[in-house]
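Heads up, the thing below is written out as structure tokens.
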Amino acid sequence: PKLELKRGGTTELKMVNFEVNKWVLLPASFEVLDVVAKVLNDHAEFAKVIIEGHASDEGTKAWNLRLSRKRAQTVMEYLLTKGVKRGRLDYVGFGDTKPSVPNTTSAGKAQNRRVEIVKR
1180 PKLELKRGGT TELKMVNFEV NKWVLLPASF EVLDVVAKVL NDHAEFAKVI IEGHASDEGT
1240 KAWNLRLSRK RAQTVMEYLL TKGVKRGRLD YVGFGDTKPS VPNTTSAGKA QNRRVEIVKR
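Start counting the sequence shown at 1180; every next residue gets the next number (the numbering used here).
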């Protein structure tokens, strides 16, 4: 997978997916996360990377917040196993508070269930 990272920019990890209502990464996600880890390891100028988890509006606010946090944490932990230094990574979950599109269709809901990385 091609991945473009820019300082101060946000990159959606479109091919990172999890088991339904869980924070277990699906194996198909490993390839893109391996690329992310390589890019981060090769580019020390990205001193801080925030992993952001987002959810659709299905479920309770509390569940969506927990799910989005745990998914972001899972991505961070995966990157740590690939040699990215802990001090460069942080994570946050936003639940369903920052949709990228309206949650009015199943496609929209799927698009809002996402993980993004923000480079500082």
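We treat Cβ as the ideally placed atom computed from N, Cα and C, and that holds for glycine.
Q) Taking the alpha-carbon positions, what's the P1249 to G1272 distance? A) Here residue 1249 turns out to be Lys, not Pro, going by the sequence shown. Roughly 8 Å separates the two Cα atoms.
Q: Return yes when the Cβ of K1277 is within less than 7 Å of the Cβ of G1188, no when it is not.
A: no
Q: Go through its chain and collect everything with a Cβ distance to K1261's Cβ below 6 Å, but skip five positions before and after it.
A: A1216
Q: Spell out the partners DSSP gives G1262 in its beta bridges.
A: Partner(s): none; G1262 has no beta bridge.
Q: Please list, in chain order, all residues of the same chain as E1237 whose beta carbon is under 7 Å from its beta carbon, the five residues on each side excluded.
A: K1288
Q: Name the two residues that bound the continuous beta strand (DSSP E) containing G1232.
A: V1228 to G1232
**Q.** Between the CA atoms of S1279 and H1222 - distance to the nearest angstrom
**A.** One alpha carbon belongs to H1222, the other to S1279, and they sit about 28 Å apart.
Q | DSSP beta-bridge partners of D1269 | A | According to the DSSP secondary-structure assignment, D1269 is paired through a beta bridge with I1229.
Q.
Run through the DSSP bridge pairs and tell me what T1189 is partnered with.
A. V1297
Q) Which value, in whole angstroms, describes the spacing of the CA atoms of R1293 and T1190? A) 11 Å
Q. When we look at the beta-carbon of A1251 and count the other beta-carbons within 10 Å, is it buried (16 or more) or exposed?
A. buried
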